[in-house]
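Here's the structure, in structure tokens; my notes come after.
Number of protein chains: 2
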Amino acid sequence: MTPATSVTKPKVLIIGSGGVGTISALSLTTNNKCEVTLVVRSDYELISTKGYSINSCTYGELTNWKPHNVAKSVTDAAERFGPFDYILVTTKNIPDASITCEQIIKPAVDSSPESVIILLQNGLGVEKPMYAAFPNHLVLSGISHIGSTYYHGHVDNKGPDNVFLGDFNPEGKRHPLSQSKIEEFISIYQNPDNKNKIVLDENVQKTRWEKLIYNSVFNTITALVNLDVTRLQINGVNEDLIRPAMLEVIAIAKSVGVECDASKVDKFIHIGDGLFYAPSMCIDMRKGQLMELEIILGNPMRIARENGVSTPILSVIYSLLKMVQFRIKEERGMFELNQEDFKGNSDDYARIFHDKYV
Amino acid sequence: MTPATSVTKPKVLIIGSGGVGTISALSLTTNNKCEVTLVVRSDYELISTKGYSINSCTYGELTNWKPHNVAKSVTDAAERFGPFDYILVTTKNIPDASITCEQIIKPAVDSSPESVIILLQNGLGVEKPMYAAFPNHLVLSGISHIGSTYYHGHVDNKGPDNVFLGDFNPEGKRHPLSQSKIEEFISIYQNPDNKNKIVLDENVQKTRWEKLIYNSVFNTITALVNLDVTRLQINGVNEDLIRPAMLEVIAIAKSVGVECDASKVDKFIHIGDGLFYAPSMCIDMRKGQLMELEIILGNPMRIARENGVSTPILSVIYSLLKMVQFRIKEERGMFELNQEDFKGNSDDYARIFHDKYV
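Same order as they appear, the protein sequences are chains D and L. Numbered by full-length UniProt numbering, the letters in the first sequence go through residues 1 to 358 in order. Numbered by full-length UniProt numbering, the letters in the second sequence go through residues 1 to 358 in order.
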């Protein structure tokens with residue numbers, strides 16, 4: 001009796017249908033140990049009718065591919081396919097956007113009281129607003145190492161799906177169900193024959209900081225100057241700019257007790273040698289989309305300031321990128337400046353902006 | 001006999017027909033104490049037939065205005081209207097462009113053995129390549145404080161023409177004709193009734209450094225983030241970024257014995273309050289044109305390095321802007337990267353680029 005069996009399968013909702021989310025949906029669907037619902041917002045009409053075309057280093061060429069369920073919004077997903085056992089969040093995390101991740105996932109979380117929230121997202125401090133918004137839910141950390149991009153119905157998956165899953169909190173401070181939920185999710189996500197790879201991560205904060213050694217430096221600087229990593233290096237900045245900036249990230253991590261592996265610096269400086277690769281923040285800037293600035297650089301900078309860590313390079317980069325983010329917000333119409341508001345002493349302009357526009 | 005009289009008038013060649021050069025031509029023509037030749041390169045057809053339309057706070061509305069002579073190139077000017085007594089250089093100064101200022105003015109200088117070269121240009125160190133290229137010529141320093149922009153035949157002159165003229169060298173190291181040539185040029189340039197203002201500057205290096213307090217900071221940062229000065233200030237950067245960066249400029253100046261007036265910092269922070277003004281480097285970046293980066297920031301940075309002056313903010317800004325300049329050069333087709341050249345260790349890319357592309 002297949003229907004009876006399928007009812008017992010856990011239900012996974014994936015929110016975020018970019019390069020990461022679609023391959024996660026494909027990994028889970030391949031196993032068929034859970035029922036997968038994918039929220040597809042802007043391209044819903046396209047995907048719900050034609051499905052995805054996928055070119056994957058792992059799963060090969062697929063056309064008209066769909067997960068079990070496709071929903072056009074989180075609310076639609078919750079109403080038609082909920083409640084969910086797992087809510088896998090693969091959206092970008094932009095706390096200064098007009099809608100935050102907590103707000104985006106809320107309809108699903110509220111209607112799935114038992115759900116485990118997995119943040120498969122970059123950056124630091126992404127769990128804090130989730131804890132605050134959903135204090136009764138277990139929130140887990142996922143870090144994805146994957147090469148995958150989505151554009152208009154097509155997924156180009158060049159690097160294999162590689163997930164580190166764990167609890168944001170140190171041992172002893174974890175939710176009682178944490179271990180068993182991590183193990184269950186790994187069991188439904190891990191494909192046979194190691195096609196993909198999902199592993200239990202006992203120290204997710206360290207994993208996040210180590211990814212930041214790359215992201216806080218290359219993502220940010222490429223976004224500022226609008227060049228890919230290799231073009232940065234053609235300008236000879238490995239030693240004068242990139243390495244000392246990466247060492248600043250390591251120093252901030254150390255101030256919260258996280259000892260990063262210093263060999264990561266050399267590894268990350270050279271990881272993209274010759275690839276002419278533009279990181280996500282650079283791509284977002286080029287598209288005029290908001291960047292994941294606050295979770296990639298802003299949160300580390302706040303920790304540096306609190307702990308008195310000297311960050312001469314990253315402080316300047318952050319200050320500059322906040323202005324670029326401001327420009328993108330204005331270009332996207334998130335606010336419209338009235339020049340008459342800014343006529344007096346310029347020392348007051350930030351306060352005026354905050355009072356009138358934020 | 002008017003022709004005989006006019007023959008004795010000094011001849012002034014103006015190279016650079018943007019907002020500064022056209023108003024200089026107008027100032028000189030108004031006096032009629034010299035014969036003015038203006039080199040107009042890209043818009044020669046337009047200007048030689050229709051002249052300029054000018055909207056000036058000083059000279060009013062003018063249409064079909066032309067100086068005595070209009071030439072389509074420096075060579076054309078030299079052949080038809082030379083030799084010249086004064087060569088007033090009002091072009092941008094971009095030593096890393098495909099053609100330098102020395103190369104641009106060379107045909108006129110070579111055919112005018114007695115000529116005095118006046119560099120009415122921003123930045124630091126602009127005299128050094130001129131001394132090297134034209135060792136037998138007197139080279140003088142002009143600093144313009146003017147609000148004037150040129151676009152396709154039209155000049156919008158909002159702020160009065162205000163020139164500081166002097167010798168680059170300190171007293172005792174000056175050319176024997178220096179003083180008399182400065183006085184003569186002032187006499188032919190100064191309009192009656194103080195319509196414009198040209199003054200003898202006994203300390204041009206200090207004047208240049210003081211202008212850099214503004215330019216090295218606001219020009220550069222606005223170019224990096226693509227925002228005008230007021231929008232920078234709406235982001236609250238006056239104290240954390242602008243002031244300390246300006247103090248770095250003052251510290252570099254001090255290392256070469258130039259004591260800038262520290263009150264300039266507050267003056268310059270607030271000089272554009274509420275004006276939503278985009279400085280020239282920001283405008284150039286927006287237009288995809290090369291920026292005057294090396295004379296505005298590069299030369300001060302080289303002095304800082306030689307003299308061991310700490311410049312934590314400006315060093316990062318300079319490093320970033322060199323990459324933006326690189327991008328603009330690539331976009332303008334000044335080089336075309338072959339990705340195959342950049343496949344090995346990225347530490348070698350700068351050398352490879354230098355060897356193959358520069």
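Just so it is clear, CB atoms sit at the ideal spot from N, CA and C, and this is done for glycine as well. Please read all numbers here as calculations on a predicted model, not as lab measurements.
(message) Counting only C-beta atoms, is Val225 (chain L) closer than 7 Å to chain D at any point?
(response) yes
(message) Quick check on this structure: which residue in D:Ser144, D:Lys211 and D:Pro300 has the alpha carbon closest to the alpha carbon of Ser263 (chain D)?
(response) Closest option to Ser263 (chain D), Cα to Cα, is D:Lys211.
(message) Given a cut-off of 7 Å on the beta-carbon distance, is the pair Cys57 (chain L) and Ile188 (chain L) in contact?
(response) no
(message) Let's see if you can read the secondary structure: which residues bound the alpha helix (DSSP H) around His145 (chain L)?
(response) For His145 (chain L), no alpha helix (DSSP H) encloses it, and the DSSP letter there is neither H nor E.
(message) Runs of 4 residues minimum, wholly inside the region 30–106 of chain L: which ones carry the alpha helix (DSSP H) assignment?
(response) Listed in chain order, they are 44–50 and 74–81.
(request) For the alpha helix (DSSP H) containing Phe353 (chain L), list its first residue and its last residue. (result) Tyr349 to Tyr357
(message) Using a 10 Å radius around the Cβ and a threshold of 16 neighbouring Cβ atoms, would you call Ala223 (chain D) buried or exposed?
(response) buried
(message) Run through chain L and tell me which residues come within less than 9 Å of Arg286 (chain D), C-beta to C-beta.
(response) Those do not exist, as Arg286 (chain D) stays about 12 Å from chain L at its closest Cβ, beyond 9 Å.
(request) Tell me whether the beta-carbon of Ile118 (chain L) lies closer than 7 Å to the beta-carbon of Leu138 (chain L). (result) no
(request) Would you mind stating whether Ala245 (chain D) and Leu314 (chain D) have Cβ atoms separated by less than 7 Å? (result) yes
(request) Write down the C-beta distance between Gly142 (chain D) and Val116 (chain D) rounded to the nearest angstrom, noting that I regard them as a contact closer than 8 Å. (result) About 11 Å; that fails the 8 Å criterion.
(request) With a threshold of 16 other CB atoms inside 10 Å of the CB of Asn299 (chain L), please say whether the residue is buried or exposed. (result) buried
(message) In the DSSP output, what is Gly166 (chain L) paired with across the bridge?
(response) L:Ser141
(request) Please report the Cβ distance between Ile23 (chain D) and Asp161 (chain D), rounded to the nearest whole angstrom; I am assuming they are in contact, meaning their Cβ atoms lie under 8 Å. (result) 5 Å
(request) Let me know the secondary structure DSSP gives Tyr189 (chain L) once reduced to three states. (result) helix
(request) Find the nearest neighbour of Glu306 (chain L) within the set L:Ile14, L:Gly60, L:Asn238 and L:Val256, judged by alpha-carbon distance. (result) L:Val256
(message) Whole angstroms are fine: how far does the CA of Leu337 (chain L) sit from the CA of Ser346 (chain L)?
(response) 15 Å
(request) May I have a chain-ordered list of the beta strand (DSSP E) segments no shorter than 3 residues that lie completely inside the region 192–268 of chain L? (result) 197–200
(request) Within its chain, find whatever has a CB closer than 7 Å to the CB of Asn238 (chain D); leave out the 5 residues flanking it on each side and keep chain order. (result) The answer, listed in chain order, is Ile269.
(message) For the region 314–338 of chain L, list every residue whose C-beta sits within 9 Å of some C-beta in chain D, in sequence order.
(response) If the cut-off is 9 Å between Cβ atoms, the region 314–338 of chain L has Ser315, Val316, Ile317, Ser319, Leu320, Leu321, Lys322, Met323, Val324, Phe326, Arg327, Glu330 and Leu337 near chain D.
(request) Answer yes or no: does any C-beta atom of chain D fall closer than 7 Å to that of Asp347 (chain L)? (result) yes
(message) Please report the distance separating the alpha-carbon of Lys106 (chain L) from that of Ile242 (chain L).
(response) 39 Å
(message) Which residues in chain D have a C-beta closer than 7 Å to the C-beta of Ala350 (chain L)? List them in chain order.
(response) Ile234, Asn235 and Gly236
(message) Quick check on this structure: which residue in D:Pro312, D:Thr230, D:Asp284 and D:Val40 has the alpha carbon closest to the alpha carbon of Ala251 (chain D)?
(response) Minimum Cα distance to Ala251 (chain D) is reached at D:Pro312.
(message) Just checking: is the beta-carbon of Asp193 (chain D) within a distance shorter than 7 Å of some beta-carbon in chain L?
(response) no
(request) Name, please, each residue of chain D whose Cβ falls closer than 9 Å to the Cβ of Asp240 (chain L). (result) Ser315 and Ser319
(request) Whole angstroms is fine: what's the gap from Gly159 (chain L)'s alpha carbon to Ser148 (chain L)'s? (result) Put simply, the backbone Cα of Gly159 (chain L) is about 7 Å away from that of Ser148 (chain L).
(message) Taking 7 Å as the limit between beta carbons, can you name the residues of its chain near Met130 (chain L), skipping five residues before and five after?
(response) Glu102, Ile117, Leu119 and Val139
(request) Report yes or no: is there a C-beta of chain D within less than 7 Å of the C-beta of Lys274 (chain L)? (result) The amino acid occupying residue 274 (chain L) in the given sequence is Gly; Lys does not appear at that position. It does; some Cβ of chain D falls within 7 Å.
(request) Can you have a look at Phe335 (chain D) and say buried or exposed, based on whether 16 or more other CB atoms are within 10 angstroms of its CB? (result) exposed
(request) Quick one: grab the DSSP three-state call for Val316 (chain L). (result) helix
(message) Tell me the rounded alpha-carbon separation between Pro3 (chain L) and Thr220 (chain L).
(response) At Pro3 (chain L), the pLDDT of 44 sits below 50, so the modelled position is not reliable and the matter cannot be decided from this model.
(request) Using a Cβ cut-off of 7 Å, pull out every chain L residue sitting near Phe353 (chain D), in sequence order please. (result) Within chain L, the residues Ile234 have their CB atoms less than 7 Å from the CB of Phe353 (chain D), given in chain order.
(message) Using only the alpha-carbon positions, how far apart do Met291 (chain L) and Asp43 (chain L) sit?
(response) The alpha-carbon atoms of Met291 (chain L) and Asp43 (chain L) are separated by roughly 21 Å.
(request) Classify Thr8 (chain D) as buried or exposed, calling it buried when 16 or more other Cβ atoms lie within 10 Å of its own Cβ. (result) exposed
(request) Report the residue from D:Ala304, D:Ala77, D:Glu340 and D:Gly19 whose alpha carbon sits nearest the alpha carbon of Gly153 (chain D). (result) The shortest C-alpha separation from Gly153 (chain D) is found at D:Gly19.
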